[in-house]
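Those sequence lines, one after another, are chains G and Y. As numbered in our numbering, residues -17 to 195 make up the first sequence, in order. As numbered in our numbering, residues 233 to 553 make up the second sequence, in order. Ideal Cβ positions, reconstructed from N, Cα and C, are used throughout, including at glycine.
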Amino acid sequence: MTAPAAPRSWTGIVRDRAVRSFPPEQLLPDKQPIYVASWIYVFGVLTLAAFLVVLASGGVLAIEGPQWWHTSTAGHFFNSLHLWSVELFMAFMVIHLWGKFWMAAWRGRRAMTWITGSLCFVGSIGTAFTGYLVQTNFDSQWISTQAKDGLNSVGVGAVFNVTNFGQMLMWHIVLLPLVVGLVIVVHILQVRRRGVVPPIDVDPVDLIPEQGQ
Amino acid sequence: MTATAVPVTAQQTAEQKWAGRYREYDLVKEFVIALLVVAVLTVGLAAIFSSPDEKQIDISRWSSAAPNDFVATAATELDGTSGTATYGAPYTHDRSAAQKIGPFAPQNWLGVTHPIDSATDFVIRSEERRVGDAALATALVQWRSATPAQQLGWASAYDAALQKAPDNDPAKVAAGSYGPVPVMLSALLRVAQSGGLDGQLLSQGHFFATDYTKPLLFIADGAYLEDQARAQHLGGDQWGMMNETGNYPGQAWLWLYTFWYQVKPFSTSGNADALVWGLMMLLTLGFILVPFIPGIRSIPRWIPVHRLIWRDYYRHRAAAR
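1. On the DSSP bridge assignment, give the partners of G/Asn146 in chain order.
2. Report the CB separation of Y/Ser292 from Y/Asp430 in whole angstroms; it is logged as a contact under 8 Å.
3. Whole alpha helix (DSSP H) runs in the region 294 to 364 of chain Y with 4 or more residues, listed along the chain?
4. Take Y/Leu434 as the anchor and find which of G/Asn146, G/Gly163 and G/Ile155 has the nearest alpha-carbon.
5. Can you tell me whether Y/Tyr456 is helix, strand or coil according to DSSP?
6. Pick helix, strand or coil for G/Lys13, following the three-state DSSP scheme.
7. Taking G/Arg159 and G/Thr109 to be in contact with their CB atoms under 8 Å, please state how far apart those CB atoms are, rounded to whole angstroms.
8. Of all the CB atoms in chain Y, is at least one closer than 7 Å to the CB of G/Ile77?
9. Starting from the beta carbon of G/Thr145, find every residue of chain Y whose beta carbon is closer than 8 Å, and list them in chain order.
10. Look at the Cβ atom of G/Arg89, then the Cβ atom of Y/Ala246, and state whether they are nearer than 7 Å.
11. Y/Pro414 versus chain G: which residues are under 8 Å apart at the beta carbon?
12. Assuming Y/Met513 and Y/Tyr489 make a contact with CB atoms under 8 Å, what is their CB distance in whole Å?
13. In angstroms, rounded to a whole number, what distance separates the CA positions of Y/Ala329 and Y/Asn475?
14. Step through the CB atoms of chain Y and report whether any lies within less than 7 Å of the CB of G/Asp121.
15. Got a sec: is the Cβ-Cβ distance from Y/Trp534 to anything in chain G below 7 Å?
16. How long is the line joining the alpha carbons of G/Ala129 and G/Trp96, rounded to whole angstroms?
17. Where does the unbroken beta strand (DSSP E) through Y/Tyr546 begin, and where does it stop?
18. Give every residue of the same chain whose Cβ lies closer than 7 Å to the Cβ of Y/Leu507, excluding the five residues on either side of it in the sequence, and list them in chain order.
19. Are the C-beta of G/Ala31 and some C-beta of chain Y separated by less than 7 Å?
20. Closer than 7 Å, CB to CB, is G/Arg89 near chain Y or not?
21. Give every residue of the same chain whose Cβ lies closer than 6 Å to the Cβ of G/Pro180, excluding the five residues on either side of it in the sequence, and list them in chain order.
22. Between the alpha carbons of Y/Pro338 and G/Ser54, how many angstroms are there, rounded?
23. Please check the pair G/Ser135 and Y/Asp505, which I expect to be a contact at CB under 8 Å, by giving their CB distance rounded to whole angstroms.
24. Along chain Y, in chain order, which residues have C-beta atoms closer than 7 Å to that of G/Val27?
25. Could you compute how far the alpha carbon of G/Gln193 sits from the alpha carbon of G/Phe60?
26. Determine, for Y/Asp453, whether the minimum Cβ-Cβ distance to residues of chain G falls below 7 Å.
27. Kindly list, in the order they appear in chain Y, the residues whose Cβ is closer than 8 Å to that of G/Asp12.
28. Leaving out the 5 sequence neighbours to the left and right, which residues in its chain are closer than 8 Å to Y/Ala378 when beta-carbon positions are compared?
29. Which two residues bound the contiguous beta strand (DSSP E) that contains Y/Tyr254?
30. With contact counted as at least three CB pairs below 8 Å, one residue from each stretch, are the region 298 to 309 of chain Y and the region 463 to 475 of chain Y in contact?
31. I want to see whether chain G comes within less than 7 Å of Y/Thr370, judged by CB atoms only; does it?
32. Report all residues from its chain with a CB closer than 8 Å to the CB of Y/Thr318; omit the five preceding and five following residues, and keep chain order.
33. Smallest Cα separation from G/Ile16: which of G/Ala73, G/Val178 and G/Gly57?
34. Measuring straight from C-alpha to C-alpha, what distance separates Y/Leu517 and G/Pro48?
35. Using a Cβ-Cβ cutoff of less than 7 Å, which residues in the same chain neighbour Y/Asp399 once the five nearest sequence positions on both sides are dropped?
36. Can you name the residues of chain Y whose CB is closer than 7 Å to the CB of G/Glu46?
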């Protein structure tokens, strides 16, 4: 029997590449190296979970619009859910980030995993910041009039106008969540592709098939 | 290197496929439990602590609560000495007003993208739409028939007199040659207190409007907004950017950005914003590129926090030897 011919269509090429890069048992493994045994590993998935709660609570707020929460008890509660899920999201992410720093988790061709993770952190700061700008209350007024000076001083304010409520709302509920969401997906795929970084000073015996176990 | 060769460098070690023992690890179960835990935590925190909602300050509230501050601010808009009038890009064309990082002034690079003429946009245009005020109509005729130098002379004289008046009270301003300015600003105060100025500054001739740049800049030019913010510990020198109204956590993750504003040379520099932003952009780039920065990338090896993270593995390996 001859080997199947390499696909020539774009679809076939993408499918083969995806399956080669992410075989199912690597994409969703049900076992991990023995060293993956610390509470610090939980903070990555906690961050992802908090991100979904942030999206869900923000989605509910979007249904009725940005002023709803000022006049409705239910709206105010969903605003509170949004605020606290963001606080949890950022707290979990910072702990996750410090954990990965002390693991030097960029070792072994995992630099892109670190880079996408750090971009996610920076993007999340921007997303949260624009959220503060669109609360349509005193906070928004004060934060926008203060923040404009920093952004204007480096030229960013010329195109990213923090006192333009409409522009900031679009950035907060469309552009930035989309970018952060995509970066998170790439980050997780990088983790699955490269695997969890082994301990610093790992015993070489654990890396030799005949002698490990 | 063959599959069975012993890896030599730390990099090779980290690249090598794990050949040691594995443990069961149910990712999906972990995710579902994490989602439930976070959802419960969020609902609990929201139910117990709620969230702050400090009412906005509109121009009507400002002009009613602090009429002297309102009139004094309007006077500076008219004579071109307010914060907005002297700001530079992206609002006005004064290139010398831009903050600098060394010889560079990135504030000027994209020019004036949100042009504001503070006298026209904040004072004159709103008054021109006012009908049924004969005194104001006469004052505007006098204003329009004067030369720009005469207009500036009246406005500057009135601004200076207002600053010398007790409590900046327009009723206590010394007599002087102010032309139509006192009538114009008095009329503006009445319009503002009636709530008419908020909509006019926002709409700027459009029915639909979402750009609050002009009303926000006008309010921020006064002292009232900042007074309210400082009372809530939100001032720039009060670590305000990471604080929140009331006793709520704010953007704590901005601590490093806020920190620089509290220390010299940033805290005393006229270019503080540009310098802090420049520094933070540099630090952010460094943070993203940590894996490639010699020294920084070695810190985890020098300070062995990893011995704590992987203590079970190290203990197991030590016992096996």
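Let me spell this out:
1. Within the first sequence, the letter at position 164 stands for residue 146 of chain G. Note: G/Asn146 sits in a beta bridge opposite Y/Asp443.
2. Indexing the second sequence from 1 puts residue 292 of chain Y at position 60. Indexing the second sequence from 1 puts residue 430 of chain Y at position 198. Between Y/Asp430 and Y/Ser292 the Cβ distance is about 6 Å, and since that is below 8 Å, they are a contact.
3. 299 to 311 and 357 to 360
4. For the purposes of this step, residue 434 of chain Y is taken as the residue at position 202 of the second sequence. Nearest of G/Asn146, G/Gly163 and G/Ile155 to Y/Leu434, Cα basis: G/Asn146.
5. As a working note, residue 456 of chain Y is residue 224 in the second sequence. Residue state, collapsed to three classes: helix.
6. For the purposes of this step, residue 13 of chain G is identified with residue 31 of the first sequence, where counting begins at 1. Correct three-state label for G/Lys13: strand.
7. Taking the first sequence and counting its residues from 1, the one referred to as residue 159 of chain G is at position 177. Taking the first sequence and counting its residues from 1, the one referred to as residue 109 of chain G is at position 127. Checking the sequence, you will find Pro at residue 159 of chain G rather than Arg. That belief holds up - the Cβ atoms of G/Pro159 and G/Thr109 are roughly 6 Å apart, short of 8 Å.
8. Within the first sequence, residue 77 of chain G is the residue found at index 95, counting from 1. Not one chain Y Cβ lies under 7 Å of G/Ile77.
9. On the first sequence, position 163 is the one that residue 145 of chain G refers to. By Cβ distance, chain Y contributes Asp443, Tyr444, Thr445, Leu448 and Leu449.
10. Stepping through the first sequence from its first residue, residue 89 of chain G is reached at position 107. Stepping through the second sequence from its first residue, residue 246 of chain Y is reached at position 14. Result yes, Cβ atoms of G/Arg89 and Y/Ala246 sit closer than 7 Å.
11. Looking up residue 414 of chain Y in the second sequence gives position 182. Going along chain G, no residue has its Cβ under 8 Å from Y/Pro414, so there is no contact; the nearest lies around 28 Å.
12. The count along the second sequence starts at 1 and reaches residue 513 of chain Y at position 281. The count along the second sequence starts at 1 and reaches residue 489 of chain Y at position 257. Actually they do not touch by this definition, with Cβ atoms about 11 Å apart.
13. Counting from 1 along the second sequence, the entry for residue 329 of chain Y is found at position 97. Counting from 1 along the second sequence, the entry for residue 475 of chain Y is found at position 243. Approximately 29 Å, taken between the alpha carbons.
14. On the first sequence, residue 121 of chain G is found 139 positions in, with the first residue counted as 1. Cβ-Cβ to chain Y under 7 Å: yes for G/Asp121.
15. The residue given as residue 534 of chain Y occupies position 302 in the second sequence. No, Y/Trp534 lies away from the interface with chain G (no Cβ there is under 7 Å from its Cβ).
16. The residue labelled residue 129 of chain G in the question sits at position 147 within the first sequence. The residue labelled residue 96 of chain G in the question sits at position 114 within the first sequence. Distance between the alpha carbons of G/Ala129 and G/Trp96 is about 28 Å.
17. For the purposes of this step, residue 546 of chain Y is taken as the residue at position 314 of the second sequence. From DSSP, Y/Tyr546 is part of no beta strand (DSSP E) but of the alpha helix (DSSP H) over Arg543 to Ala552.
18. Counting from one through the second sequence, the residue named residue 507 of chain Y turns up at place 275. The answer, listed in chain order, is Ile333, Phe498 and Ser501.
19. On the first sequence, position 49 is the one that residue 31 of chain G refers to. Yes, G/Ala31 lies at the interface with chain Y (some Cβ there is under 7 Å from its Cβ).
20. Start at 1 with the first residue of the first sequence, and residue 89 of chain G comes out as number 107. Closer than 7 Å to some Cβ of chain Y, the Cβ of G/Arg89 qualifies, so yes.
21. Locating residue 180 of chain G in the first sequence gives position 198, where the first residue counts as 1. Nothing listed; no residue qualifies.
22. Translated into the one-based positions of the second sequence, residue 338 of chain Y becomes position 106. Translated into the one-based positions of the first sequence, residue 54 of chain G becomes position 72. Cα-Cα distance, rounded: 44 Å.
23. For the purposes of this step, residue 135 of chain G is taken as the residue at position 153 of the first sequence. For the purposes of this step, residue 505 of chain Y is taken as the residue at position 273 of the second sequence. 4 Å between Cβ atoms; contact.
24. Position 45 of the first sequence holds residue 27 of chain G. Within chain Y, the residues near G/Val27 are Glu262, Phe263 and Ala266.
25. Within the first sequence, the letter at position 211 stands for residue 193 of chain G. Within the first sequence, the letter at position 78 stands for residue 60 of chain G. In this predicted model, G/Gln193 has a pLDDT of only 49, less than 50, meaning its place in the structure is not dependable; the value taken from the coordinates is given anyway. Each residue's Cα considered, the two are about 55 Å apart.
26. One-based indexing of the second sequence puts residue 453 of chain Y at position 221. No, because no Cβ of chain G sits closer than 7 Å to the Cβ of Y/Asp453.
27. Stepping through the first sequence from its first residue, residue 12 of chain G is reached at position 30. Under the 8 Å cutoff, chain Y gives Glu256, Tyr257, Asp258 and Leu259.
28. Residue numbering aside, residue 378 of chain Y sits at position 146 when the second sequence is read from its first letter. Hits under 8 Å: Trp386 and Gly411.
29. The residue given as residue 254 of chain Y occupies position 22 in the second sequence. Residues Tyr254 to Glu256.
30. no
31. Your numbering for residue 370 of chain Y matches position 138 in the second sequence. Cβ-Cβ to chain G under 7 Å: no for Y/Thr370.
32. On the second sequence, position 86 is the one that residue 318 of chain Y refers to. Cβ within range, chain order: Gly312, Thr324, Asp326 and Ala329.
33. Mapped onto the first sequence, residue 16 of chain G falls at position 34. For G/Ile16, the nearest C-alpha among the options comes from G/Val178.
34. As a first step, residue 517 of chain Y must be located in the second sequence, where it is residue number 285. As a first step, residue 48 of chain G must be located in the first sequence, where it is residue number 66. Cα to Cα, the separation comes out at about 33 Å.
35. The sequence position of residue 399 of chain Y within the second sequence is 167, counting from 1. Hits under 7 Å: Asn300.
36. Position 64 of the first sequence holds residue 46 of chain G. Chain Y residues near G/Glu46: none, gap ~15 Å exceeds 7 Å.
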